[in-house]
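In the numbering used here, the protein residues as written are 17 to 401. Glycine included, each C-beta is placed from N, C-alpha and C at the ideal position.
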Amino acid sequence: MKMLHPNPPHDLTYNDVFMVPSLSDVGSRFAVDLTTPDGIGTTIPLVVANMTAVAGRRMAEVVARRGGVVVLPQDIPVDVIDTVVSSVKSRHPVFETPITLGPDATIGEALSLIHKRAHGAVIVVDDGKPVGVFTEKDGDGQDRFTQLEVVMSTAPYALGPDADAVHAFEELGDHRLHVAPVVDDDGRLMGVLTRKGALRSTIYDPALDADGRLMVGVAVGINGEPGARATKLAQHGADVLVIDTAHGHQTKTLGAVEAVRAELPGALIVAGNVVTADGTRQLVEAGADIVKVGVGPGAMCTTRMMTGVGRPQFSAVLECSAEAGRHGARIWADGGVRFPRDVALALAGGASNVMFGSWLAGTYESAADTHRDQDGRLYKQTCGM
C-alpha cells in the first residue's frame, strides 16, 4: 500500500481513510488468499479479543473452524483453561458440536440450552445414538415440563462420518433439512452439520495446530509470575500466548515478555498494547514475535474518555507495522473495528491480523448469558475489559 498523500499533517483513524481502486487481475473474491503472514497458522485474519463476555470455548471452536483464533481471557484459572483448551482441541474441525439431551428431558431443559449454539437444535440421544431432533418450534404451545420424546422429530436423517461439505449440503437440501446429526460407523453421534455450515466449510479452511486440532490462544497478564503461568498454559496446549495489558510500553510489560521468552524459547508470543514505533521496537527486542497495536479504539473501551490517552488507530497501525517489519516482526491491529471496511483498512495498513470483540458479543457463541426482552427478542449483555 502507498498513500496518495504521504505524511499527512495529522493522525488518521479508520473513518478518515478510503482505499483507492486500481488495476487488478483478481477475477473473484474467492481467489484471494487470506492466510495470515505472522506464523500463527490462521487462514483468515481474524482474532477474537480476550473479553470475558465474548471469548469462551464455544467462540473458540467456531472461529477456529472458519480459520481465525480466539484469545481466552487472562483472569481464568489455569485449571479451567486446561479444561477449555482440551474441549476445543477435542472438537471436530468441520462438524459442529451438538447440544444433547435424553428422551426424558423436558422442553424447558431444551429451551434453556438451545441458544448456546447457532444451529438451533437439540439432538435427543439414547446410549450415544441420535433418536430424535428437537427445535424451538417443536415446543410451541407445549407445556415446559413435556418430555422431548413426545414432541421431537423421530428417526432423524443422519450424515455419515465421511460426508464432505458439498455432499452434505446437497443431501440436506434434498431432505429439506437445515440441520442433521453426524454419526460414526456404529451410529453414535459425532456432531451436527447445517446447510449453512456445510456451505461455509467449502469457503473457509480451519485454523489447525500441528496435530490437526483446532487452534486457541490464551492471554497472560504482567502481574504475578507471567513466565510460570505462560509455561503452564503452553503445557495445556495453548497455541498462542498473548501478554496483554492496556499500556504495553512500560518496563513491567517488557520484563514479562522477557520472562516468558526465557521460559519458552520456541513459543509464539504476542505482546501489547502500544501505538508507537518505540513501543513496538522495544517489545520485539524483549522477545515478542507479534505486537498488539491499539490504545482506546474499542467500542467498549473508556480509556480515551477517562484518561485522555490514545491515538487514532489507522496511523498507529501504519507506524507500528512499518517498525515491526524492520525488525522481522508483525503486528495485530486491536480494536476500532466498526464495519467490515475497517478490517480491510487495517490489513492495508500493515496488520497481519485484526482483533475485535464487541462486534461478536451478540452472537450465539459468545460467552455471555442469553436473555429475552419483553418483546421476545434475544439479547446479551457485555462489558469492556
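Note down the Cα distance separating residue i from residue j, rounded to an integer number of angstroms.
i	j	result
residue 245	residue 282	16 angstroms
residue 269	residue 305	14 angstroms
residue 79	residue 228	15 angstroms
residue 149	residue 235	38 angstroms
residue 40	residue 291	32 angstroms
residue 384	residue 21	44 angstroms
residue 156	residue 249	45 angstroms
residue 90	residue 147	40 angstroms
residue 219	residue 351	26 angstroms
residue 121	residue 166	10 angstroms
residue 180	residue 212	14 angstroms
residue 317	residue 309	14 angstroms
residue 322	residue 397	22 angstroms
residue 277	residue 243	8 angstroms
residue 154	residue 63	36 angstroms
Output yes or no for whether 7 angstroms exceeds the beta carbon distance between residue i and residue j.
i	j	result
residue 394	residue 386	yes
residue 295	residue 265	yes
residue 225	residue 255	yes
residue 111	residue 206	yes
residue 320	residue 314	no
residue 160	residue 130	no
residue 27	residue 337	no
residue 364	residue 300	no
residue 288	residue 87	no
residue 137	residue 151	yes
residue 188	residue 198	no
Could you please give the first and the last residue of the uninterrupted beta strand (DSSP E) stretch that includes residue i?
i	result
residue 341	No beta strand (DSSP E) contains residue 341, which is instead part of the alpha helix (DSSP H) from 329-342.
residue 206	205-210
residue 347	346-350
residue 142	137-142
residue 386	386-388
residue 308	306-309
residue 116	115-117
residue 151	145-151
residue 233	233-236
For residue i, tell me which candidate among the options has the shortest Cα-Cα distance.
i	options	result
residue 203	177, 374, 50 and 368	177
residue 71	390, 389 and 374	374
residue 260	179, 96, 271 and 321	271
residue 108	83, 263 and 77	77
residue 258	133, 303, 267 and 339	303
residue 217	326, 154, 82 and 46	82
residue 368	277, 30, 213 and 59	59
residue 366	307, 354 and 355	307
residue 32	99, 361, 173 and 392	361
Ends of the alpha helix (DSSP H) at residue i?
i	result
residue 192	Counting along the chain, residue 192 falls outside any alpha helix (DSSP H), and DSSP gives it neither H nor E.
residue 166	164-167
residue 363	356-364
residue 249	242-251
residue 299	293-302
residue 105	94-106
Does chain B have any CB closer than 7 angstroms to the CB of residue i?
i	result
residue 50	Chain labels in this structure do not include chain B; a single protein chain is all it has.
Tell me, which residues are paired with residue i by DSSP?
i	result
residue 260	288
residue 112	208
residue 369	348
residue 230	224
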